[in-house]
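K.L.:
So the sequence shown is residues 23 to 655, counted in this note's numbering.
I am attaching a structure below and will ask some questions about it afterwards.
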Amino acid sequence: MRGRAGFGAVLPLFLLASAGMAAAQEFNQFIGFGDSTIDSGFYRVLPNPGGGVTYNGLWASAVANGAGKPTTSPGAMSSEALASDFALTAAPSNQGGTNYATSGAKNVDTNGPVNGGFTQAIPTVTQISNYLAATGGHANSNALYLISSGGNDITYAAAGGTGISGGYATPTAYVIGSADSLASAVAKLQAAGARYLVVRGQPYSFGDTTTQADRLLYTKTLWQTLAADGVNFVPSDYNAVRLAIAANPSSFGFQFIDTGHPACVPTQPNTVSSAWALLCSSNPAAPYSLVTPNAERTHLFADDQHLTTAGQKIVADYEYSLIVAPSMISMLAEAPIKTRATLVGAIQNQIPVSQKQHGPSGFDTWLSGDVSSLGITNYHGFPDDPATPVALTAGFDFKASTDWLFGIALSTGRQKDNFSLGFGNFTEHEFAASAYAAYLLGPLWFDAVATYGLIRDDINRAVPIGITVQGNAGKADGSNISLAGETGFNFHIGVFTHGPVAGMVGQQVRIDGFTESGSFTALAFAGQLRNSAVSELGYQVSADAGLFVPFAKLVWDHELVTTDRVVTAWLTTTAAPSYWMPAVEVGKDWADGTVGTRVRLNTNVVGLAAFTGEVAQKHVSAYGGEIGMNVTF
């Protein structure tokens, strides 16, 4: 695989105007805001959560015996599982961590005797304000933010909203107001620097008629208001997750998926009526423990509201897939940059052979085959993309004079890119046509190669969700147009020819948008544009030893165009705003070396073998071999 250079100065100015929308970065912190759906143990260091006499009386024993999170402890919450996917932690904010979520939190209102709920809960909007106050008003731009809140507001409103606050006349108005308030706080978070936000929706296909309506209204209001405020966020369709589990519980390992069969049951006479997962542990000495030893895997709900460990993992896996999918799909536009370099290299390797051949008609035909290894490493915690491209190129050229060579070439290439972490693959096919020219003027030489290629991608994006693997399929068409060239000066010392080489290659890769089909994890993706303009500067040498002509070339490549771009995606399960995430970003500098030999097989046939590899390019490893044959007639 070659990082060849070319003659990009004559390409359209779009190559120098590729604007990046967001600097691609590794996630260096997880930050959570919300209620018990993502609370990772905020109350564990507090004497009680403010849940009433019975609840508070059981609290010390619960914590002492491993409980304290709203799930089947010690299992991880979805917030913890999602953070761990990126080698981050989601410890509670009052225990040295950055998860501000507290069970029982409403969006704005503080809990009390009138509106109910844990009295020590901190409203979600206040959590965001507290975070910004602690950071001097600057949100970490490289953090992953998870916001999951609103369920307690909806429960309160559905119950009649006794003592409703904020001047809202009806429960419906209260639901809208709580969603708008959270959206405003999230918008302030983005304005302060936050870029990567996951905002979870409500399960609006479940519950009684009023609850379903309120959950749908809340989700639509929250997402639409965020979009209207210009907030880029990943909409997490928790409702689609619940529907998928309900459609086929056994595939996820569940025997019971209703709140009437919770995993956690009381181990002593004193019981509470709701949210008892906070008191539950696999330790039988806790006030609530597992109904069976494997209940955290066979039951979806831990209590009347909260998910078991298996349920939490499913939600985390789903949200992880939404976050990483755009960068994975960005490989469709990134990989052709490297495979086109292989094609250009094959043509440039054949040009010296055709220039030195002297058949009676001045025509040459040649054939070249390439096998390469290409690895593109993604951001930490994101699936990588190893591939083995293969290509076959046939060319035909003629000498217009002793100085000029003109030719055409047709090539076909295929590569199967296997995403790491079990995330499936995509197969890329390209058919390309090239025209090339070369000129010799004493020791000075140059060549130019213009290529247009059609791309076809077959995408099979697999998404591990819990114990399942959800398959999604899609097809995308595209193109790659490039103009490449090199120039150099030859010095001759005995059998050796050597000298400097310089040049540039310009490319524009376009991949059309497409929509996946398959599971609840399927997404739609917008079209992509990847511009590239790579300069090269180096040295080459060859030795004419009669039958063999070994050669070597070493160049330093530099990408002149920004590689900072984004990929936009949409959910296919519900109406939701689109979102973007950074594309994979590869290094802008690397060294590229080629060693090989030409072999004269008879008076009009020359064989060629070469090995090319590159080093020092961030996030890329590439090397490959070429075998070719040139026949003059």
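Quick reminder that beta carbons are idealized off the backbone N, C-alpha and C, glycines included.
If we require 3 or more residues per run, which beta strand (DSSP E) segments fall completely within the segment 559-642?
P.N.:
570-581, 588-593, 601-604, 611-624, 627-637
K.L.:
Is the CB-CB distance between V366 and D392 below 8 Å?
P.N.:
no
K.L.:
Could you tell me how far apart the beta carbons of A332 and E341 are, in whole angstroms, since I believe they sit closer than 8 Å?
P.N.:
Contact doesn't hold; Cβ gap of about 15 Å is too wide.
K.L.:
Looking at the structure shown, is V136 part of a helix, part of a strand, or coil, going by DSSP?
P.N.:
coil
K.L.:
Using 8 Å as the threshold, is the C-beta distance between N624 and G381 below it?
P.N.:
no
K.L.:
Should the segment 593-601 be regarded as contacting the segment 559-569, the criterion being three or more beta carbon pairs within less than 8 Å?
P.N.:
no
K.L.:
Use the C-beta contact count for E538: other C-beta atoms within 10 angstroms, 16 or more gives buried, fewer gives exposed.
P.N.:
buried
K.L.:
Would the beta-carbon of N133 fall within 8 Å of that of G126?
P.N.:
In this structure, the beta-carbon distance from N133 to G126 falls below 8 Å.
K.L.:
Looking only at C-alpha atoms, which of P309, A268, N270, P271 sits nearest to C286?
P.N.:
P309
K.L.:
Can you give the Cα-Cα distance for R587 and T157, rounded to whole angstroms?
P.N.:
Cα-Cα distance, rounded: 28 Å.
K.L.:
Among R362, L389, K421, which has the Cα closest to the Cα of V556?
P.N.:
R362
K.L.:
Between the alpha carbons of L300 and P92, how many angstroms are there, rounded?
P.N.:
4 Å
K.L.:
Any Cβ of chain B within less than 8 Å of the Cβ of G540?
P.N.:
Included in the structure is just one protein chain, with no chain B present.
K.L.:
Let me confirm a value: P306 is counted as buried when at least 16 other C-beta atoms fall within 10 Å, else exposed. Which label applies?
P.N.:
It is exposed - the Cβ of P306 has fewer than 16 other Cβ atoms within 10 Å.
K.L.:
State the beta-bridge partners of Y461 as determined by DSSP.
P.N.:
W426, F468
K.L.:
Once you ignore the five residues that flank T194 on each side, which residues in its own chain have a CB closer than 6 Å to its CB?
P.N.:
none
K.L.:
With respect to the alpha helix (DSSP H) encompassing L168, which residues constitute its N-terminal and C-terminal limits?
P.N.:
That residue, L168, is in no alpha helix (DSSP H); its beta strand (DSSP E) goes 165-170.
K.L.:
Going by the beta-carbon positions, is the gap between D339 and P486 smaller than 8 Å?
P.N.:
yes
K.L.:
Alpha helix (DSSP H) containing G199: first to last residue?
P.N.:
193-213
K.L.:
What separation, rounded to the nearest whole angstrom, lies between the Cα atoms of R322 and T281?
P.N.:
Rather than Arg, the amino acid found at residue 322 in this sequence is Leu. Using only the alpha carbons, I get a separation of about 8 Å.
K.L.:
With DSSP as the reference, label N292 as helix, strand or coil.
P.N.:
coil
K.L.:
For N116, which residues in the same chain have their Cβ closer than 7 Å to its Cβ, ignoring the five residues on either side in sequence?
P.N.:
F64, V67
K.L.:
Is the beta carbon of L248 less than 8 Å from the beta carbon of A207?
P.N.:
no
K.L.:
What residues in its chain sit with their C-beta under 6 Å from that of Y167, if we drop five residues either side in the sequence?
P.N.:
I53, A216, L219
K.L.:
Tell whether a beta-carbon distance below 8 Å holds between N652 and S376.
P.N.:
yes
K.L.:
Which first and last residues belong to the beta strand (DSSP E) in which V220 is found?
P.N.:
218-222
K.L.:
Bridge partners of H380, per DSSP?
P.N.:
According to DSSP, H380 bridges with nothing at all.
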